[in-house]
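Heads up: the structure comes next, in structure tokens.
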Amino acid sequence: MSSKKDKKYSPSEIEDLIARGSIIVIYKRNVLKLNGFIERHPGGEKIIHHFIGRDATDEMNSYHVDETVIAFNKFKIGEIDHSWINFLPPIQGGIYKKTGKDLPSDKKPAGTMPVEIVPKIPQGVILSIDKTELYPIKRDPYSYIESYKGVDTYDDYESYKDLKSNISSIIRDPEEIIENYDNNLVKQDLETLPSLDYETQKKISEKYNALHKLLIEKNLYDCPYIEYFYQFCRCLGLFLYFLIFLKIKWLTLSAISIGFCWQQLTFIAHDAGHIAITHNYQFDNIIGVLVADLVGGLSLGWWKRNHNIHHLVTNDPIHDPDIQHLPFFAVSTRLFGNVFSTYYEHFFLLDSLAKFLVQFQGYTYYLFLAFGRFNLYRLSWTYLILDQGPKKGKIAWLRYFEIACLGTFFYWFFYLVVYKCIDNWKERIIFVLVSHVASMLVHVQITLSHFAMSTSDLGTSEGFASRQLRTTMDVDCPEWLDYLHGGLQFQAIHHLFPRIPRHNFRKAQKYVIDFCEDVKIPYSIYGFGKGNAKVINKMDDVGKQLKIFKDCLKGMKSEAVDSKNLYEKRVDSVLKTNEKTD
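Structure, rendered in structure tokens:
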């Protein structure tokens, strides 16, 4: 006798359910309805919103322990008997039609944003290298005009006259600057990646799952607890140095010691947040809060909510909070367009301050990272005070534990240490600044793995493995330096298998390299110096695009006043100079 869970759903029926407000996710061939679970989801609501109407099998398997995977079945309402073509989730701009009767007119799909989100790739379109109409590329005005600099021959002069006659073919609209630069990057991605058609992506997914099974068989999910004993000794040693130097008034060394301690503690908190230590959800969260909140002063819950989204929509300028840093940084020209963040649910404006700072971001990159910890305090308290975490379910209680631990940190560090143990305000301020700057390496490590990598939107057909490898860089270093990087240098491997303990990433690397060679997806790995150079070059490049963007704005003003574009004036100036010379 068949049950309701055996019902076969067609794409149109699933679209209708989503249009009515049902939260539908495909897992394997099962149709899951998660409305009753979303408020209890420990990873937050937005993660599920990003997979409404999509096959999330690889993502769900990579993120959840076996007991949770087994529990998925209780949300099953039916099955599909056909190959699934991903919908675009409502949070990403997907549009859904209601086909049933007597539908409430004001009902919107779950995850719908308060403003219209326009996807880069239209819903249902599979991007390919030959569909150039989806990523049109013009020549930017700087490179076009700069190529004719210093004309001193008749042929060059004729070329410049030809440029004048074709001036309309160069970019004049600042919005096209955003599109043009991004479209060039899309083209580069399409030239280096396997096809995005579903058949190819399915084969990659099958090989990824085979790799996942192999890593389990190789016991790489087993936590090497001896490594945590070594880590505990390192952190305890640094903390004791901090106290000793504080006692004898060697304040600079004391500040550096606690800063290095925080940097090392981040690695433990990161593992705990991914349930990679004991693999028990409650135990790892308690460990994480004691390390991150009580000793480190940062909310584990905030980090998990932010970091989970980052893992699943990595490097998307609209959706990934880890690359949304205006007015200080912009790693994509798509952030020039007053972007509405679906994570923060507000606009990141390209205001005067942003237009100024982004131009020089290649120079200010390390400066702002040095003070990044202060911003993390703000984000941590905002998360806890506004109760932005899960309000129901097995993890709801953690908020109160976090508030107690975070409050205790601010008491022991800022009151007992900074205020009571240091004699004057000048030394107090210096102590706080030095300690926070000393912990900046972890900020460099995290941004290093993503800021130089692809920020393209390649549509809904791209699979999990392809996206993670396209958007993430690993850092090569000798094994004896692993303690300094804390496993974060293997970010690509971590993004593919987030629950593997970081001490096993180096062992997993050879298998991942073989996988990448097999499926023809580039595995990006650079030395620490070269990786930093790639990030700075990317930051400089985007900063230059902003200068062109501003130039186009001036050109539009010029055209409005003089009926002649700024670039046309430049061409005319050169032609007049040459005519006088002739």
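If you read the sequence shown in the numbering used here, its first letter stands for residue 504, the second for the next number, and so on. Glycine included, C-beta positions come from ideal geometry on N, C-alpha and C.
Member of the options whose CA lies at the smallest distance from the CA of residue i
| i | options | result |
| --- | --- | --- |
| Asn1040 | Gln971, Ala955, Gly840 | Ala955 |
| Asn564 | Ala968, Phe745, Gln994 | Ala968 |
| Asp692 | Gly896, Pro1025, Asn712 | Pro1025 |
| Asp700 | Gln595, Ser586, Tyr744 | Ser586 |
| Glu848 | Val794, Ile624, Val618 | Val618 |
| Gly896 | Lys623, Phe540, Tyr728 | Phe540 |
| Gly546 | His810, Glu570, Lys600 | His810 |
| Ala833 | Asp1021, Ala775, Tyr784, Thr867 | Thr867 |
| Arg1009 | Glu702, Ile1028, Lys1023, Lys929 | Ile1028 |
| Ala775 | Val937, Gln891, Leu714, Asp787 | Asp787 |
| Thr755 | Ala907, Tyr784, His939, Phe554 | His939 |
| Lys706 | Lys1050, Ile1051, Asp1021 | Asp1021 |
| His773 | Lys752, Asp796, Leu696, Gly762 | Asp796 |
| Val621 | Pro593, Leu801, Val921, Glu930 | Pro593 |
| Leu718 | Asp960, Pro1004, Lys1033, His822 | Pro1004 |
| Asp569 | Tyr784, Thr958, Thr975 | Tyr784 |
| Leu944 | Trp765, Ile729, Arg532 | Trp765 |
| Pro1090 | Tyr731, Asn841, Phe763 | A query on residue 1090 cannot be resolved here, the shown segment of the chain reaching from 504 to 1085 and no further. |
| Thr836 | Val937, Tyr886, Glu679, Lys611 | Glu679 |
Between the CA atoms of residue j and residue i - distance to the nearest angstrom
| i | j | result |
| --- | --- | --- |
| Asp561 | Phe1000 | 10 angstroms |
| His1006 | Ile759 | 25 angstroms |
| Gln971 | Ala995 | 7 angstroms |
| Glu518 | Tyr599 | 6 angstroms |
| Phe578 | Leu535 | 5 angstroms |
| Ser850 | Leu838 | Checking the sequence shown, residue 850 turns out to be Phe, not Ser. Rounded to whole angstroms, Phe850 to Leu838 spans 10 angstroms at the Cα level. |
| Gln1048 | Val1038 | 15 angstroms |
| Trp983 | Lys508 | 53 angstroms |
| Lys1023 | Tyr1014 | 14 angstroms |
| Phe1053 | Tyr566 | The displayed chain sequence assigns Lys, not Phe, to residue 1053. Rounded to whole angstroms, Lys1053 to Tyr566 spans 43 angstroms at the Cα level. |
| Val794 | Asn927 | 29 angstroms |
| Leu553 | Ile747 | According to the sequence provided, residue 553 is His. The question's Leu does not apply to it. Spanning the two alpha carbons is a distance of roughly 49 angstroms. |
| Thr845 | Met616 | 7 angstroms |
| Ala613 | Arg543 | 15 angstroms |
| Leu801 | Ile729 | 26 angstroms |
| Val1045 | Val861 | 8 angstroms |
| Gly1034 | Ser952 | 8 angstroms |
Presumed contact (8 angstroms Cβ cut-off) between residue i and residue j, rounded CB distance
| i | j | result |
| --- | --- | --- |
| His814 | Arg1002 | Contact doesn't hold; Cβ gap of about 11 angstroms is too wide. |
| Pro820 | Asp854 | About 17 angstroms; that fails the 8 angstroms criterion. |
| Leu688 | Ser959 | 5 angstroms |
| Thr963 | Thr817 | Contact doesn't hold; Cβ gap of about 15 angstroms is too wide. |
Same chain, Cβ closer than 6 angstroms to residue i, five either side skipped, listed in chain order
| i | result |
| --- | --- |
| Arg557 | Asn589 |
| Asp1043 | Gly865 |
| Ala857 | Leu829, Pro830 |
| Asp825 | His813 |
Spatial neighbours of residue i in its chain, beta-carbon cut-off 7 angstroms, leaving aside the 5 residues before and after
| i | result |
| --- | --- |
| Cys980 | His988, Gln992, Phe1031 |
| Glu965 | Leu699, Gln704 |
| Val935 | Val921 |
| Ser515 | Thr602 |
| Val792 | Leu803, Leu901, Phe904, Glu905, Cys908 |
Own chain residues within Cβ distance below 8 angstroms of residue i, not counting five before or after
| i | result |
| --- | --- |
| Lys511 | Gly581, Glu582, Ile583, Asp584 |
| Lys652 | Note on Lys652: pLDDT 49, under 50, position unreliable in the model; the coordinate value appears next. There are no such residues. |
Taking the runs of the alpha helix (DSSP H) that are 4 residues or longer, which of them lie wholly in the segment 736-790? Secondary structure in the segment 736-790: the alpha helix (DSSP H) runs of 4 residues or longer, each lying completely within the stretch, are 754-776 in chain order.
Would you list, in sequence order, the uninterrupted beta strand (DSSP E) runs of no fewer than 3 residues that lie entirely inside the segment 933-990? Within the segment 933-990, the complete beta strand (DSSP E) runs of at least 3 residues fall at 977-979.
Go through the segment 597-637 residue by residue and report every complete run of the beta strand (DSSP E) that reaches 3 residues or more, in order. Counting only runs of 3 or more, we get nothing.
Which complete alpha helix (DSSP H) runs does the segment 872-926 hold, if anything under 4 residues is left out? You should have 875-888, 901-912.
Which ranges would you report for the alpha helix (DSSP H) in the segment 795-842 if only whole runs of at least 4 residues count? The qualifying runs are 803-815.
So within the segment 1009-1038, which uninterrupted beta strand (DSSP E) runs reach at least 3 residues, ignoring any that extend past its ends? 1028-1030, all fully within the segment 1009-1038.
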